[in-house]
Structures are given as structure tokens and as C-alpha cells.
Amino acid sequence: MKISVFGTGYVGLVTGACLADVGHTVLCVDVNQAKIDQLKQGIIPIHEPGIDTVVKHCVKEGTLHFTTSAAEAVAHGELIFIAVGTPPDEDGSADLQYVLAVAKSIGEHMTDYKVVIDKSTVPVGTAEKVQSAIAAQLKARGTQIPFDVCSNPEFLKEGSALEDFTKGARIIVGTDSERVVELMRECYAPYNRNHDKLMFMDIRAAELTKYAANAMLATKISFMNEMAQLAERLGVDIEHVREGIGSDPRIGYHFIYPGCGYGGSCFPKDVKALTRTAKSIGYQAELLEAVDAVNERQKSVLFQKLHKAFDGDLKGRTIAVWGLAFKPNTDDMREAPSRVLMEALWEAGAKVKAFDPEARAECARIYGTRPDLTLCETRNETVAGADALVICTEWKAFRTVDFAWLKSQLKQPVIVDGRNLYRPEDAREAGFLYYAVARGDSIKLS
Numbered sequence: 547m548k549i550s551v552f553g554t555g556y557v558g559l560v561t562g563a564c565l566a567d568v569g570h571t572v573l574c575v576d577v578n579q580a581k582i583d584q585l586k587q588g589i590i591p592i593h594e595p596g597i598d599t600v601v602k603h604c605v606k607e608g609t610l611h612f613t614t615s616a617a618e619a620v621a622h623g624e625l626i627f628i629a630v631g632t633p634p635d636e637d638g639s640a641d642l643q644y645v646l647a648v649a650k651s652i653g654e655h656m657t658d659y660k661v662v663i664d665k666s667t668v669p670v671g672t673a674e675k676v677q678s679a680i681a682a683q684l685k686a687r688g689t690q691i692p693f694d695v696c697s698n699p700e701f702l703k704e705g706s707a708l709e710d711f712t713k714g715a716r717i718i719v720g721t722d723s724e725r726v727v728e729l730m731r732e733c734y735a736p737y738n739r740n741h742d743k744l745m746f747m748d749i750r751a752a753e754l755t756k757y758a759a760n761a762m763l764a765t766k767i768s769f770m771n772e773m774a775q776l777a778e779r780l781g782v783d784i785e786h787v788r789e790g791i792g793s794d795p796r797i798g799y800h801f802i803y804p805g806c807g808y809g810g811s812c813f814p815k816d817v818k819a820l821t822r823t824a825k826s827i828g829y830q831a832e833l834l835e836a837v838d839a840v841n842e843r844q845k846s847v848l849f850q851k852l853h854k855a856f857d858g859d860l861k862g863r864t865i866a867v868w869g870l871a872f873k874p875n876t877d878d879m880r881e882a883p884s885r886v887l888m889e890a891l892w893e894a895g896a897k898v899k900a901f902d903p904e905a906r907a908e909c910a911r912i913y914g915t916r917p918d919l920t921l922c923e924t925r926n927e928t929v930a931g932a933d934a935l936v937i938c939t940e941w942k943a944f945r946t947v948d949f950a951w952l953k954s955q956l957k958q959p960v961i962v963d964g965r966n967l968y969r970p971e972d973a974r975e976a977g978f979l980y981y982a983v984a985r986g987d988s989i990k991l992s
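Here you go:
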């Protein structure tokens, strides 16, 4: 099939590469000339494990191409995926300007039947807006060309996006057109061989399903962080609680790890957008508001513990930070807990030495060069001469540590572990003041 994908971020590039990898001829389009030039040279603008190999292979095989020309992309694809960004607007709602700009371009350039596929995470009712935008352009041209709009939300996790696309649990398509059903079956056939993962529903249901899925996962995280706050004040080890409730198959172990809050490009944005959608129809989504509020509060826990560990005296101290990205296997620092921590430390007059296997360049882009931030090349370099260590991201490189060595590197034996990586008894036996998230021996926050 001939397929065009508007947008070459996480969703667009993964979608285009995976569809090209099974033999479809895919043309990815982006307004950023520099990004397109890089992609043509095999330089990948995002960090996603495995994506560089797939892109280079497909370019070599001639199944994946890149352009900045919207007209070329519209002419090429019978299926046109919209995978551009939907950043939060000032009021928390999803900003659809880029989605609707693509829809307008499609209406300006199309000359034959197209299926326009909303792949971006968009509010309920967006497909109708896309339909109207295309129809308005066709009317302005004085022409009538058939087309369909459907919803095909992505369910990709940063760090495992390729596996999620190729081996995902479901492929959801929102449409009321039998023609679209057949074309989408053909599109996804190579990834639908083991059993039928395609689920067809009405468009609005598909749009809401995406938001509901992310909101549910965010709710599990915030619920566990709320339990951690209770456990800490009650002197309970939250790890025992996690194991106890996770053993119930109705609950399960996924997304019930307490920590320093969720971040990234999806959960924070989508919970806020769904809350805003509720307000727009006169409904107060109190649970969603609480999920967001708990998460924002949890991001401050690391600084609070550190502040209390040093009796409020952080001025002039150097704090080592392991982990900058919001999660492992990505360089994405959007809404990351590390940002809340570092900004609070700077406000308190402290300096930061930080290491992340992938996000150092992104951190430098966000904060620039400043005297109170040192980005280190290794985790070992980070802790040398620091007053304390804070763990923000559960990268594999941080999951084990020689406590005797670490103690010799730090000026003071203080660890604040935002991901509960270590056994408190091991750290304590090594002579550390170990402050985790509700592990029984943590600093109790009032």
C-alpha cells in the first residue's frame, strides 16, 4: 500500500518505519527541513531503541522516504496518517492547530479518494473537525472528492515503541465505513497474523479509548503514590503492600510502583486534556483532577526529603542526580520529576551534578550552560565529591551499586531514592542514611 505519514516524532517515525518494514511504501513528511535532511542521511532525531536500524534498513530497501512537501505526501498516499503533536494549550486542553493544519493541506492538494487517519492523541470530536477542515478546502476549490476520516490511536510506550507497534495487544480503529475497514485490515495485516487484534468501533469511542487508557494507568500510579504517603506516615513498608495487592489478578503488578511521580509527553498531558474535555461539557472529573494533583505533589517529595535530611541547609551543597529522563530508555525530559528537583535545588542555592545515559543533551538544551549544573559523562563522575545522591530514573545502570565505593565518593552518606531501587537494610548496614519512598525507614514528611 502507498501510505503517507505527517509528522516524524515518536509516533510518526515509528508508525512510518514499522509499516515500511513490512513492505508498504511509506512517505513521511515534516515541515522541519533540517530533520528531514537528517533522516535522509540516517540520523535519527529521537532516542528510541531499535528505530535507527529499522529506518536505515527501510531507506536502503526503498520502502521508506522523507519529504517536506505536503503536496507530494498527499499525492503519494491512499492512506494518510496524521501523527503531529497535540501539545497542551494554556488551559490544559489539547492544541489541535497542527492536526487541523495537516487536514487543511490534505483538502488543498488531494485529487482522488483518501483515508485520513488520526494517529495523534486527540480529544473526542477531533475526527469531525478534521472532516470539516478537509471539506471546507474542497468546497473552496469548487470540487467534490470522496474521502473518509477514521481514528487509529497509538498505544506506544517510549523506550519500547517498536515492540508495542509490532506486538501490541490491540489495534483500534474508529470508523463507520466498510471501505475503511477493509483498507485498514490490509494495512495492518502483517501485524495481525497470530490472532485478530483489530477492534473496530465508532470514531468517538476510539478517541475516548486512548485517553481512558492513559488516564487509567496514571490513576494506578497516583493511587500507589497516595498509598505511599499513607504508609510513610504509618510506618509501613510500601513494598510489602505493593506485593500484597499486586498478587490479586484483578489488580496486577503493572503500574503500582511508588516513586517520585510520572512524567513524559503522554500521561500528564492526556489527564489534563481529558479533565478539560469534561469541563467543556459541564462535568467535573474529580478523580482525574485528583490523579493530576497527587502526581504534582509527588514530584516534590525528593526535594522535601533532601531538605529535611540537611535540616533545611542546602545552600552551597552539591547534589548528585542519577537519571534525568522521565523513564528509562528515552531521552524525554518533558514533565520529568528530575526537573522539579533540580529547579528546587537551584532555588535553594545548591549545585547539581547529573548523569543520564541518554538525556544529557536534552538537559543541556532545556537549561543551557549554567554554573550550578554539571552534566557528567558517567555515573561515577557524578557522585565524586557530592554531598548526597538522588535517584530520579530507574535506569539499569543504577539498579546495583557498591555501597562501600559509593560511601567513599560522597562527602556525606546520604541517598534519596525516588525509585526504591535498593533494599533499605543493605544501605543502612553500609552506613548510609537511606531515604526512599515509604520503605519504613524514610524521613516522615508532615
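The sequence shown runs 547 to 992 under the numbering used here.
Here a beta-carbon is modelled for each residue, glycine too, at the ideal position from N, C-alpha and C.
Unbroken alpha helix (DSSP H) runs of length 4 or more, entirely within the region 562-596: which are they? 579-586
Beta-carbon gap between Thr755 and Ile718 smaller than 7 Å: Counting from 1 along the sequence shown, the entry for residue 755 is found at position 209. Counting from 1 along the sequence shown, the entry for residue 718 is found at position 172. Yes.
Indicate whether Ile835 and Thr821 have their beta-carbon atoms separated by less than 7 Å. Taking the first residue of the sequence shown as position 1, residue 835 is located at position 289. Taking the first residue of the sequence shown as position 1, residue 821 is located at position 275. Residue 835 is actually Glu in this sequence, not Ile. Yes.
For a quick check, are the C-beta atoms of Pro970 and Tyr980 less than 7 Å apart? Along the sequence shown, read from residue 1 onward, the residue named residue 970 stands at position 424. Along the sequence shown, read from residue 1 onward, the residue named residue 980 stands at position 434. In this structure, Tyr980 lies closer than 7 Å to Pro970 by Cβ.
Alpha carbon to alpha carbon, what distance is there between Gln958 and Val676? Here residue 676 refers to the residue found at position 130 of the sequence shown. Here residue 958 refers to the residue found at position 412 of the sequence shown. Cα to Cα, the separation comes out at about 58 Å.
Could you pull out every residue in the same chain whose Cβ sits closer than 6 Å to the Cβ of Asn760, ignoring the five residues on either side in sequence? Counted from its first residue, the sequence shown places residue 760 at position 214. Closer than 6 Å at the Cβ level, and outside the excluded window around Asn760, lie Cys812, Phe813 and Asp816.
Nearest neighbour of Val495, chosen from His622, Thr599, Leu935 and Asp783 [CA to CA]: There is simply no residue 495 to check, as the chain begins at 547 and stops at 992 in what is shown.
On the premise that Ile597 lies in contact with Ile590, defined as a C-beta separation below 8 Å, what is that separation, rounded to the nearest angstrom? Position 44 of the sequence shown holds residue 590. Position 51 of the sequence shown holds residue 597. Their Cβ separation, rounded to whole angstroms, is 6 Å, which keeps Ile590 and Ile597 in contact under 8 Å.
Just mark Lys845 as buried or exposed, buried being the case when its beta carbon has 16 or more other beta carbons within 10 Å. Taking the sequence shown and counting its residues from 1, the one referred to as residue 845 is at position 299. Looking at its Cβ environment, which holds 16 or more other Cβ atoms inside 10 Å, Lys845 is buried.
Would you list the residues sitting across from Ile663 in a DSSP beta bridge? Residue numbering aside, residue 663 sits at position 117 when the sequence shown is read from its first letter. Paired residues: Phe627 and Cys696.
For Pro795, count neighbouring C-beta atoms within 10 Å of its own C-beta (all shown protein chains included) and say buried if the count is 16 or more, exposed if not. As a first step, residue 795 is located in the sequence shown; it is residue number 249 there, counting from the start. So Pro795 ends up on the exposed side.
By alpha-carbon positions, which one of Glu636, Gln830 and Pro917 ends up nearest to Thr864? The count along the sequence shown starts at 1 and reaches residue 864 at position 318. Of the candidates Glu636, Gln830 and Pro917, the one whose C-alpha sits nearest the C-alpha of Thr864 is Pro917.
Can you tell me whether DSSP reads Ser678 as helix, strand or coil? Position 132 of the sequence shown, counting from 1, holds the residue named residue 678. In the structure shown, Ser678 sits in a helix (DSSP, three-state: H, G or I).
Can you give me the Cβ contacts of Ser992 inside the same chain, cut-off strictly under 6 Å, excluding the 5 residues immediately before and after it? For the purposes of this step, residue 992 is identified with residue 446 of the sequence shown, where counting begins at 1. In this prediction, Ser992 scores a pLDDT of 45, lower than 50, which makes its location untrustworthy; no coordinate-derived value is stated.
Whole angstroms is fine: what's the gap from Ile767's alpha carbon to Asn875's? Residue mapping note: residue 767 aligns to position 221 of the sequence shown, counting from 1. Residue mapping note: residue 875 aligns to position 329 of the sequence shown, counting from 1. Their backbone Cα atoms lie some 19 Å apart in a straight line.
Quick one, are the C-beta atoms of Lys897 and Thr928 less than 7 Å apart? For this step, residue 897 is matched to residue 351 along the sequence shown. For this step, residue 928 is matched to residue 382 along the sequence shown. The answer is no: Cβ separation not under 7 Å.
Would Ile691 pass as a contact of Met656 if the rule is Cβ separation under 7 Å? Here residue 691 corresponds to residue number 145 of the sequence shown, with the count starting at 1. Here residue 656 corresponds to residue number 110 of the sequence shown, with the count starting at 1. Cβ distance < 7 Å, so Ile691 and Met656 count as in contact.
Looking only at its chain, what residues have a beta carbon closer than 6 Å to the beta carbon of Gly553, apart from the 5 residues adjacent to it on each side? Along the sequence shown, one-based indexing puts residue 553 at 7. Counting only Cβ-Cβ distances below 6 Å, and skipping sequence neighbours, we find Ala629 and Val630.
Which two residues bound the contiguous alpha helix (DSSP H) that contains Tyr644? Along the sequence shown, read from residue 1 onward, the residue named residue 644 stands at position 98. Segment Gln643 to His655, the alpha helix (DSSP H) holding Tyr644.
Give a yes or no on contact between the region 723-740 and the region 765-783, applying the rule of three or more CB pairs nearer than 8 Å. no
Can you tell me where the beta strand (DSSP E) holding Phe720 begins and where it ends? Looking up residue 720 in the sequence shown gives position 174. Reading off the sequence shown, one finds Gly at residue 720, where the question assumed Phe. Gly720 -> beta strand (DSSP E) spans Ile717 to Gly720.
Which whole-angstrom value describes the C-beta separation of Val648 and Cys696, a residue pair presumed to lie in contact below a C-beta threshold of 8 Å? Position 102 of the sequence shown, counted from the first residue, corresponds to residue 648. Position 150 of the sequence shown, counted from the first residue, corresponds to residue 696. No, Val648 and Cys696 are not in contact; Cβ-Cβ is about 15 Å, not under 8 Å.
The ligand PLP and Phe711: does any heavy atom of the ligand fall closer than 6 Å to the residue's C-beta? Only the bare structure without any ligand can be found here, which leaves the ligand PLP out of the picture.
Continuous beta strand (DSSP E) stretch holding Lys548: start and end: Walking along the sequence shown from the start, residue 548 turns up at place 2. Counting along the chain, the beta strand (DSSP E) containing Lys548 begins and ends at Lys548 to Phe552.
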